[in-house]
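Going by the working numbering, the first residue of the sequence shown is number 257, and it counts up by one from there. This report concerns only the one structure given below.
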Amino acid sequence: MLINHVMKNNKCSFHFPQDESLQSFLFRILKVNGYINYSSILVPYSGWGSRPSISFEAKDILIGVSKSQLLKLLEKNTLISKEESDFVNHFDYVQLFDKTFAPQKTTKSAGKGMNIHFCPLCMKAQMYQYGYSYFKNDWNNQLYCLKHSEKLLALKPSNMSLMIINIDKILKCEVDDSFTFIPKYNQPHFMTAFDRSVKFAPCAKKQLIYWILKNSKYYPQGYTDICDYGLLNPIAKKAFNSKRYRYEIESDWDRFYQQITEYAHKDLTDYIQKHMVFDFAQFRDKGIISDHKVILKNKYKSCQACQKFSYDNYKTCSKNTLLYNPKTIYESKNGYKESFDYKDHKLEFDIQRHQNKLGIRQGEAQVRREIKMSYEYKRLGGKENYMKILKKAVYTL
257 MLINHVMKNN KCSFHFPQDE SLQSFLFRIL KVNGYINYSS ILVPYSGWGS RPSISFEAKD
317 ILIGVSKSQL LKLLEKNTLI SKEESDFVNH FDYVQLFDKT FAPQKTTKSA GKGMNIHFCP
377 LCMKAQMYQY GYSYFKNDWN NQLYCLKHSE KLLALKPSNM SLMIINIDKI LKCEVDDSFT
437 FIPKYNQPHF MTAFDRSVKF APCAKKQLIY WILKNSKYYP QGYTDICDYG LLNPIAKKAF
497 NSKRYRYEIE SDWDRFYQQI TEYAHKDLTD YIQKHMVFDF AQFRDKGIIS DHKVILKNKY
557 KSCQACQKFS YDNYKTCSKN TLLYNPKTIY ESKNGYKESF DYKDHKLEFD IQRHQNKLGI
617 RQGEAQVRRE IKMSYEYKRL GGKENYMKIL KKAVYTL
C-alpha cells in the first residue's frame with residue numbers, strides 16, 4: 257500500500273530520478289494509471305524494447321509533465337555508437353520526442369529486445385529513499401552494479417503477461433530465483449546522446465573540407481584522377497579532376513576525416529586551434545529547452561548571418577533553434593544546383609565515350625579477366641591442372 261500511495265503521489269508531481277531508464281519511467285507511469293498495454297515498452301520472450309514509447313491510448317497522461325525533463329530523459333536513453341561521427345547534430349534525437357511521448361498512432365513495436373537487468377540492493381535503497389524503486393538507465397549496458405560491486409540479476413524471458421507480473425514483483429523488491437538469473441554475457445555496449453562531447457558545426461566541416469582541397473598532399477586512400485588520354489586540355493582536365501576530388505571527399509567525408517586524424521594529426525589540430533572557436537548550442541522549440549552543448553565553429557563566420565550563406569548548414573546546425581528563421585524560397589533548374597554540374601556530367605560522358613573509341617575500357621576489362629584467371633591457375637596448381645579439371649568437369653556433365 258505504501259508503494260501505491262507514493263507512486264500515486266509521483267503520478268501527480270511527475271518527478272522521476274535523473275538516472276531512471278526510459279523504459280522504467282514509462283512502465284511505472286502506465287502501471288500507476290491503470291493501463292494494461294505494455295507492447296510499446298516490452299518485447300515478449302526478451303525484455304525491454306530498445307525504442308520504448310508511451311502507448312497511444314495513454315499519451316494524454318504526460319500532458320502535465322515538463323517537456324524539458326522528458327527531453328533530458330530521452331537524451332539519456334537514446335543509444336548511439338561509440339564510433340559516432342564528430343559532425344552529427346547534438347540534438348538529432350529530438351525527432352523521436354513526439355513518437356516517444358505523444359504518438360499519433362498505435363505503436364507496433366518497441367524496437368529490439370534486450371535483457372532487463374537490475375540490482376536488488378540498489379532497489380531496496382531506492383525503496384527506503386523514495387518509497388518506490390525503479391530501473392536505472394546504466395543497467396541496460398552493464399553486468400555489474402558499480403555501487404555494490406555485485407553482479408546484476410536479469411529477468412528470465414517470458415510471455416508478455418508473465419513479464420509484467422515479474423517486473424511488478426521486482427519493483428516491490430520481491431525477488432526470487434524462479435524468474436531471475438545471472439547473465440553471463442553483456443548486451444552490446446553503446447553510448448547515449450547525453451554522453452556526446454564536442455561536435456563540429458556544419459560551417460566548421462565546410463571549413464575543414466576547404467582546407468583539405470587547398471592541400472594536394474591530402475588525398476583519400478584509393479582515389480585516382482581520371483585519365484582522359486589526351487582528350488582535354490590542361491585547364492579542362494584540372495577543373496574536371498578537381499570536381500571529382502571534391503565529390504570524393506564530400507561524399508565519404510567521415511572516412512576521409514579519420515584518415516586525416518591518423519596521418520596528419522598535428523596539421524589538423526594546428527588548423528583547428530588557429531581557425532575555429534568553441535561555442536555553445538541549445539535546443540529551444542515549442543516549450544522544450546535542452547541543456548547546453550559545446551560545438552566547434554568557423555572563427556570567421558557569424559552565426560546570425562549563417563542562413564544567408566548556406567541554408568543547408570543552418571538547418572543541420574545544433575544551434576539553429578537559437579537563430580531567427582525567416583521564410584525563404586529556393587529554386588533549382590533541371591535538378592542541378594549549379595550550372596557547372598550539368599557541364600561536369602556532360603564532360604564525364606565525353607571522356608567515357610573517348611575511352612570507348614580507343615578501346616581503353618575493353619582493354620581494362622580484358623586485363624581484369626586475365627588477372628582473375630591467373631588466380632585460378634595458381635589456386636589449382638597451374639594452367640595445365642586447371643584445363644584437366646575443367647575437361648573432367650565437362651565429361652561428368
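Think of the CB as a built atom: it goes at the ideal place given N, C-alpha and C, for glycine as much as any other residue.
| Would the segment 456-468 and the segment 522-534 be scored as touching if the rule is three or more Cβ pairs under 8 angstroms? | Judged by Cβ distances under 8 angstroms, the segment 456-468 makes contact with the segment 522-534, as three or more pairs qualify.
| message | If I follow the unbroken alpha helix (DSSP H) through D535, where does it start and stop? | response | Run containing D535: none in the alpha helix (DSSP H); it sits in the beta strand (DSSP E), 532-537.
| request: Take every Cβ of the segment 395-415, pair it with every Cβ of the segment 432-452, and state whether three or more of those distances are shorter than 8 angstroms. | output: They touch, by the three-pair rule.
| query | Are the segment 320-334 and the segment 537-545 touching by the rule of at least three beta carbon pairs closer than 8 angstroms? | reply | The segment 320-334, when compared against the segment 537-545, does touch it at the 8 angstroms Cβ threshold.
| said: Given this structure, state the Cα-to-Cα distance separating F512 from K338, to the nearest angstrom. | reply: Looking at the backbone, the Cα of F512 and that of K338 are separated by about 18 angstroms.
| Would the beta-carbon of S277 fall within 8 angstroms of that of N393? | N393 sits close to S277, with the two beta carbons spaced by under 8 angstroms.
| task | Look up H404 in the DSSP assignment and give the residues it is bridged to. | result | Residue pairing by DSSP places H404 in no beta bridge whatsoever.
| Quick one: what's H373 bridged to in DSSP? | Answer is A410.
| said: Given this structure, state the Cα-to-Cα distance separating K522 from F343, to the nearest angstrom. | reply: If you take the alpha carbons of K522 and F343, they lie about 19 angstroms apart.
| request: Please state whether DSSP places D568 in a helix, a strand or coil. | output: Residue state, collapsed to three classes: helix.
| field | Whole-Å CB distance - L418 paired with I438, under 8 angstroms assumed | value | Wrong, their Cβ atoms sit about 20 angstroms apart, outside the cutoff.
| task | Pull up the distance between the alpha-carbon of L427 and that of I551, whole angstroms please. | result | Each residue's Cα considered, the two are about 40 angstroms apart.
| task | If I'm right that Y633 touches Y642 with Cβ under 8 angstroms, what's the distance once you round it to whole angstroms? | result | In this structure, Y633 and Y642 form a Cβ contact; the two beta carbons are roughly 5 angstroms apart against a cut-off of 8 angstroms.
| field | Residues sharing a beta bridge with W304, DSSP | value | DSSP lists L298, M370 as partners of W304.
| task | Would you identify the three-state DSSP class for K553, choosing helix, strand or coil? | result | K553: strand per DSSP, three-state reduction.
| said: Taking the beta carbon of H373 as the centre, do at least 16 other beta carbons fall within 10 Å, making it buried, or is it exposed? | reply: With 16 or more Cβ atoms within 10 Å of its Cβ, H373 is classed as buried.
| P308, buried or exposed, once every other Cβ within 10 Å from all chains shown has been counted against 16 | Under this definition P308 is a buried residue.
| task | Output the distance between the C-alpha atoms of T577 and F272, rounded to the nearest integer angstrom. | result | Taking C-alpha positions only, T577 is separated from F272 by approximately 27 angstroms.
| task | Let me know the secondary structure DSSP gives I516 once reduced to three states. | result | For I516, the secondary structure class from DSSP, reduced to helix, strand or coil, is helix.
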